[in-house]
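Each protein sequence line maps, in turn, to chains H, D, E and Z. Under full-length UniProt numbering, the first sequence has 219 at position 219, and the numbering climbs by one with no breaks. Under full-length UniProt numbering, the second sequence has 198 at position 198, and the numbering climbs by one with no breaks. Under full-length UniProt numbering, the third sequence has 274 at position 274, and the numbering climbs by one with no breaks. Under full-length UniProt numbering, the fourth sequence has 104 at position 104, and the numbering climbs by one with no breaks. The beta carbon of each residue, even a glycine, is placed where N, CA and C say it ideally should be. Okay, so here's the structure we're looking at.
Number of protein chains: 4
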Amino acid sequence: MGLTVAVAGASGYAGGELLRLVHAHPEMEVGAVTAHSNTGTRLGEHHPHLIELADRTLEPTSADVLSGHDVVALALPHGASGEIAARLPDDVLVLDCGADHRLTDRAAWEHFYGTEHAGAWPYGLPELMRADGERQRTALHGARRVAVPGCNVTAVTLAMAPGLAAGVVSAGDIVAVLACGPSGAGRSLKPHLLAGEIMGAATPYAVGGGHRHVPEIEQNLAAASGATVRLSFTPTLVPMSRGILATVTAPLTGSATAARDAWAEAYADEPFVHVLPEGQWPTTAAVLGANTAHVQVTVDERAGRVVAVAAIDNLTKGTAGAAVQSANIALGMPETLGLPTSGVAP
Amino acid sequence: MGLTVAVAGASGYAGGELLRLVHAHPEMEVGAVTAHSNTGTRLGEHHPHLIELADRTLEPTSADVLSGHDVVALALPHGASGEIAARLPDDVLVLDCGADHRLTDRAAWEHFYGTEHAGAWPYGLPELMRADGERQRTALHGARRVAVPGCNVTAVTLAMAPGLAAGVVSAGDIVAVLACGPSGAGRSLKPHLLAGEIMGAATPYAVGGGHRHVPEIEQNLAAASGATVRLSFTPTLVPMSRGILATVTAPLTGSATAARDAWAEAYADEPFVHVLPEGQWPTTAAVLGANTAHVQVTVDERAGRVVAVAAIDNLTKGTAGAAVQSANIALGMPETLGLPTSGVAP
Amino acid sequence: MGLTVAVAGASGYAGGELLRLVHAHPEMEVGAVTAHSNTGTRLGEHHPHLIELADRTLEPTSADVLSGHDVVALALPHGASGEIAARLPDDVLVLDCGADHRLTDRAAWEHFYGTEHAGAWPYGLPELMRADGERQRTALHGARRVAVPGCNVTAVTLAMAPGLAAGVVSAGDIVAVLACGPSGAGRSLKPHLLAGEIMGAATPYAVGGGHRHVPEIEQNLAAASGATVRLSFTPTLVPMSRGILATVTAPLTGSATAARDAWAEAYADEPFVHVLPEGQWPTTAAVLGANTAHVQVTVDERAGRVVAVAAIDNLTKGTAGAAVQSANIALGMPETLGLPTSGVAP
Amino acid sequence: MGLTVAVAGASGYAGGELLRLVHAHPEMEVGAVTAHSNTGTRLGEHHPHLIELADRTLEPTSADVLSGHDVVALALPHGASGEIAARLPDDVLVLDCGADHRLTDRAAWEHFYGTEHAGAWPYGLPELMRADGERQRTALHGARRVAVPGCNVTAVTLAMAPGLAAGVVSAGDIVAVLACGPSGAGRSLKPHLLAGEIMGAATPYAVGGGHRHVPEIEQNLAAASGATVRLSFTPTLVPMSRGILATVTAPLTGSATAARDAWAEAYADEPFVHVLPEGQWPTTAAVLGANTAHVQVTVDERAGRVVAVAAIDNLTKGTAGAAVQSANIALGMPETLGLPTSGVAP
């Protein structure tokens, strides 16, 4: 009964969401749970919502502890996964929720992260449209190493890729502004993440192009468009635990009808990405806890721009859900297996 | 495949949660969805989170539409369910999420509701301890009419019943103060439920004994204790969508050790009610979307009182989850079938 | 002692904020308070935070009731102020917080509002830069009719006008995305404003150029730039009572240094608009309850765009504070008199 | 012009609120601002809402830096103020916002704090009713050392003291449950204060009598009643930045009419404490940023208990406002000078 899944970084938010999804998956079961400074403590101290796993004890994060599982999910700070992965057998499926193996461009990695490039793994955004007409899921069949996308990246990519792939918008002047819940920043003891700072506050960060998700978005949108991408990207923290709402605009280059059609066709067969009926706009509340993206698009004739909006849960479709979805594909299971599509609302 | 479940009042919050749970249940499927003023509209307008049901159309709430299902769940204002239920066949399982059939005491009904008493149905709180040593679930086997408890009632009852049943606290001076999310008040267009009024605000209501949940709590706690109950009950609205945290105190009449044991033993075998490890206190965030109650208890020697706290999700364990749990029992399925036990956190 | 100020629409959010500021103003005192459906009720029912005014009774909104004051502030739905104002003496200062008298372009009014144009009044954004080098405050000296700006308009205008006035950015492709608290929509009994819909939710609205603030922003930015403006404008509701964070980008046409200087110089002498130290970004939490705008700007060389961000309180600097500030100017008092500059945080 | 006020612990939440109030006070001006680990940084980094003080630099907290002011306000962790105060001249007014000098009972101090008792200072709750018929403000005239009350303490005391002083309720079995915003816990980098943990969560803490505010409440209520107090006290954290809602019940020993009268009379002449009209209940939203307490009371005949509710802003009336109010009294100024009575809502 089931594939064993070890989760490293299990006491954090991404780790907790991985555990929630794996525990509910009909073909998976939770194996080792590991941590760094929380080693030796009960999982229930950190994740009281995972009541059935509460008595598990956090072990140290090491290749020894993680070995012997069918799947190893890494929810670690960037820079930590390369070494661990290198010591795991090749036939173990390793899901890296960190950034280390997402970028194919060594120079971009070095520019944004300032460390040595660990190399790229198959990228875990199955719905990603590519200029060759394929979806990214084909690259995941049988994969044993998967780079799970950044959460903001998934939201922006899903919002705008259809128009780029269809050639109805220009890649040369894309503007994305995001409203993000603070859980995307992890369970870090930083002053700006205190409740007193977040409640009542909308606050931008990493403004002006410095956010590390920029090159990853550009990589995806370039894959979709076949063209060079110029992107203005501004995330803002808003007072909700989870969720990303990405408002993305690009210059209209095709007809308004063609634009609407591009999105509808792009996601017509996708189980987790839904273009809403005309006039209904995505809201993060509708995707809470679900591996679902809601998308809507319109053309602003006055401004000469297409406006596309995507809502995801940063921890589910944005991280842990994408990991499980990719694992399903990699391991030859139905892509949707064990993944919630309904959000929890209100 | 599966039992068909019709949901009346489907455009409201309780209706939406019923749909979420029924849709995810392996042995149930959503049948007719009905509404009052929203008849004829798409379900997706009201519940965008239920993406797979979004194209369903709301039908009028009538016995005709509801007939022909195995289960009918009523999420209607009180006073509306009696007539509908009377026109449904006896072998249909009717789950009334409203108040009409909860109280056994006609006088209490008339005092608090001011209308004619519709009579009592088997009460859908399976974990309820009774003075005869049985649990309430025995009354639900084979039932075809179930009165689903009020959400505040469930929280207070689960918090304090163990001490009363074990005789370690007195029923004569119970004080309960609750922090409640506004979704418990439904999707009503009332000024005090506007976001501008709720965010940043903690506000009590129905203070001084007038809340309609008072006689229902008293009924439950009397069942547990075998004694007459005196209860001071104050709910307060706080800025979270869902969740009830009930802080309940009663005079200690037994030993402190006996008190702790009473709670541990009461819930040792319950799949949905968990006494947390000593020192860890319930939080509503940990039960969001789950049919789970978290409970903790301590003795305040200085004050001579036991303090017990329960956290539930008002829409899940407090309403729709209790309905499905009761249906599982009534229909001879495993009690836990299809019900989430993990919360969605953070 | 002091100027008497009548407030029409006093039971709403904008009306409440007007009362808060007028009551605290050393040279003003609250006169008649009027309402529509709430006529005859205590003010304290609607605004318990205005404890010293709680026993005032709401009178009907009519020219008769409003006459006889030095200042009349109108916080009415659009379309209602023209008739009232016409019946007030010319020497009474009328502050219209609604939209009726903001637009100078009849065609734009008719296109966006679909009713007859009431004509334009002096526009109450004293800091507005104009292509002639003057600030808008010069137009307010001695004015007896003032059109108070829309809240989103103020945020976007203050964010981007300096760059346009200085010629360092292009007016031809401006993109603005806003995070807005729901109090900006007023105390309206609309389903999407319920707490259950807002908490946990980031949701865009009026996407694609249809928002009525679009022509007003264009009017302001055209005044600043002397050029035709093209604007993509997307507001999003986020879960905070008050506040607007406007993220506004425009193509860079000058040097990066010139851009930074443009903003610093534009607001160097403004008492209510502050460019933050480099690297510090505005947050709505810092301006809660204050008539203050915080602004920051940076150049994204990669994207070829300037990104400017402004944070205001939609009810204070965005509405009632702007009204009082304009009144101070119109009546020859110090511009800052009686207006809070410190926010209430956290 | 004006009295100089130094603020120690200026980078925290209580320190920020002291600065906001002192800066707005017509007879005070902000002098030295000091900190511990943040020494040398700009005040604006920590309190961007205090825009006019943003360029002040934080100095080290020492008697040298603090000397030479008319007033010194200490917002320090408990244990830190005694030594500092001892080194300040006797004629400097020292306002200790920490706990060190609140308790008169050495044994209670040692039991709850575990350190040596620093001795008691005049207690800064001017409205406190005492069994001798006096109010506590008489003890503050001319004082040069003031112990500012704990925020929860103020809420509970103001809620229940009138009934105890009038003898209409019993002191022997008081139950208080509070909903508290997390700013009361300060700007501490603790995991449970992260936004991800607070939003969506109602969570009790220090349950069962261990909270350090217990002996202080007992001290106050004993002063009011002249009798020994037994108190069950449970604070709960809820998702709002500021605010305390205290729901306090006590056994009714007098008549219902006498109870209502007791509260009305107790606060009839108090400028900052208001008994709301019958049927209207306090909400924390109405006192945000104000030095105001809203109080309501009712009798629950069924339960035999009086239920009294008080709402305050923990940082204003709960801390910094109480300090300034006490300073006004101590220094012979009007008690209400410079203190806001209107809240900022919504």
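Would you list the residues sitting across from residue i in a DSSP beta bridge?
i                      : result
residue 300 of chain Z : Z:305
residue 180 of chain E : E:237 and E:244
residue 81 of chain E  : Per DSSP, none; premise fails for residue 81 of chain E.
residue 232 of chain H : H:175
residue 123 of chain Z : Z:147
residue 8 of chain E   : E:34 and E:74
residue 60 of chain E  : E:35
residue 3 of chain E   : E:28
residue 333 of chain D : None, per the DSSP bridge assignment.
Nearest CA to the CA of residue i: which residue from the options?
i                      : options                       : result
residue 33 of chain D  : D:24, D:290 and D:56          : D:56
residue 61 of chain D  : D:48, D:85 and D:54           : D:85
residue 291 of chain Z : Z:119, Z:151 and Z:322        : Z:322
residue 210 of chain H : E:173, E:92 and E:307         : E:307
residue 46 of chain H  : Z:121, Z:196 and Z:168        : Z:196
residue 219 of chain Z : Z:104, Z:240, Z:137 and Z:212 : Z:104
residue 289 of chain H : E:200, E:90, E:88 and E:100   : E:200
Does the separation of the CB atoms of residue i and residue j fall below 8 Å?
i                      : j                      : result
residue 347 of chain H : residue 214 of chain H : Shown here, chain H extends from 1 to 346; a query on residue 347 of chain H therefore has no answer.
residue 314 of chain D : residue 188 of chain D : no
residue 287 of chain H : residue 309 of chain H : no
residue 113 of chain Z : residue 346 of chain E : no
residue 15 of chain Z  : residue 63 of chain Z  : no
residue 224 of chain H : residue 161 of chain H : yes
residue 232 of chain H : residue 173 of chain E : no
residue 49 of chain E  : residue 275 of chain Z : no
residue 221 of chain D : residue 178 of chain D : no
residue 176 of chain H : residue 92 of chain H  : no
residue 229 of chain E : residue 260 of chain E : no
residue 53 of chain Z  : residue 66 of chain Z  : no
Would residue i pass as an interface residue toward chain D - the criterion being a Cβ-Cβ separation below 8 Å?
i                      : result
residue 29 of chain Z  : no
residue 67 of chain E  : no
residue 362 of chain Z : Any property of residue 362 of chain Z remains undetermined from this structure, which presents chain Z solely from 1 to 346.
residue 267 of chain H : no
residue 358 of chain H : Nothing about residue 358 of chain H can be reported from this structure: the residues present for chain H run from 1 to 346 only.
Quick check on residue i - is its C-beta less than 8 Å from some C-beta in chain E?
i                      : result
residue 25 of chain Z  : no
residue 183 of chain Z : yes
residue 205 of chain D : no
Does chain H have any CB closer than 8 Å to the CB of residue i?
i                      : result
residue 230 of chain E : yes
residue 87 of chain E  : no
residue 245 of chain Z : no
residue 126 of chain Z : no
Using beta carbons (cut-off 8 Å, strictly below), is residue i in contact with chain Z?
i                      : result
residue 325 of chain E : no
residue 187 of chain H : yes
residue 84 of chain E  : no
residue 198 of chain H : yes
residue 239 of chain H : yes
residue 193 of chain H : yes
residue 296 of chain E : no
Complete alpha helix (DSSP H) runs within the segment 252-284 of chain H (minimum length 4 residues, chain order): Those alpha helix (DSSP H) runs which fall completely within the segment 252-284 of chain H and span 4+ residues are 256-266.
Note down, one range per segment and in chain order, each alpha helix (DSSP H) of at least 4 residues found wholly within the segment 155-227 of chain H. Taken in chain order, the complete alpha helix (DSSP H) segments of 4 residues or longer contained in the segment 155-227 of chain H are 195-198 and 214-225.
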